[in-house]
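Notes for the one structure printed next.
Numbering (the numbering used here), first residue to last: 6 to 266.
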């Protein structure tokens, strides 16, 4: 019997012959040294593609919309698999902790968010300007995020990852990850970039309900994410319905909204 995914969580199936496991567990680091992080993340990215293409990967070949689409999807999977091989550290011991596996997953999500979020043209100085990912607060990724986006391009744009402090640089990002170390004043950061085309991503309770756009949550050791569609609209960002289908949609807290007006 095939398991179904809950909103905001991807189904990760390490052993197809066994009962499927719902969600991507942050505790899967125990498997990394045995099976290899590249193999596990390859399955993870294929699962993402399957969800974002409406189950396209699981359809019989005769039902697919032409050979061109099949080739495009095959190239996408191949590109992801090759990029994982190039971007991940060869020594599995560097990822042998629950925190590392959690942030490996979150870094993968951030990279894929960039594929399914549309920015206004005014968000970039030039057609080939890079997508700037800012990390504000204590950096939980280490080199993981840099490696995942290294040499990647989306619509001709590469990536730049910056570690930021208070100041105008916060407004110069396209994606702003606000670390849990800033949970005491993440709302102030959100206010600084409010109304600007900045995709704010957090990992703090109520982040999305208090003006953030995407918030990572952990439930039963599974990485999930919430989306505040209204906050995205105010930032003039267009989030693909495919991505929204994976998310838990939340609304801004009314009491919080009154306090900030």
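Every residue gets a Cβ at the ideal spot worked out from N, C-alpha and C, and that includes glycine.
query: What span of residues does the beta strand (DSSP E) with residue 137 cover, start to end?; result: 136–141
query: Out of 233, 251, 206, 154, which one is the CA nearest neighbour of residue 182?; result: 206
query: To the nearest angstrom, how far is the alpha carbon of residue 256 from that of residue 219?; result: 11 Å
query: What three-state label does DSSP hand residue 257 in the structure shown?; result: coil
query: Please list the terminal residues of the continuous alpha helix (DSSP H) segment that includes residue 193.; result: 191–198
query: Quick check on DSSP: helix, strand or coil for residue 154?; result: helix
query: Would you give the residue range spanned by the alpha helix (DSSP H) that residue 234 belongs to?; result: 234–239
query: So, for residue 249: in the same chain, excluding its five sequence neighbours on each side, which residues have a beta-carbon less than 8 Å away from its beta-carbon?; result: 232, 234
query: If you count every other CB in all the chains shown that lies within 10 Å of the CB of residue 34, and 16 or more means buried, which is it?; result: Low local confidence applies: a pLDDT of 38 at residue 34 is under 50, so the model's placement there is unreliable, with the coordinate-based value given in what follows. It counts as buried.
query: Please go through the same chain and pick out, in chain order, the residues whose beta-carbon is closer than 6 Å to the beta-carbon of residue 237, but skip the five residues on each side of it.; result: 218, 244
query: Beta-carbon separation of residue 208 and residue 111 under 9 Å?; result: yes
query: What would DSSP say about residue 109, mapped onto helix, strand or coil?; result: helix
query: Please list, in chain order, all residues of the same chain as residue 258 whose beta carbon is under 8 Å from its beta carbon, the five residues on each side excluded.; result: 211, 214, 215
query: Look at residue 203 and residue 240 and say whether their C-beta atoms are less than 9 Å apart.; result: yes
query: Quick check on the burial criterion: 16 or more other C-beta atoms within 10 angstroms. Buried or exposed for residue 224?; result: exposed
query: Note down, in chain order, each residue of its chain lying with its Cβ closer than 6 Å to the Cβ of residue 163, except the 5 sequence neighbours on either side.; result: 135
query: Tell me the DSSP secondary structure of residue 211 in three-state form.; result: coil
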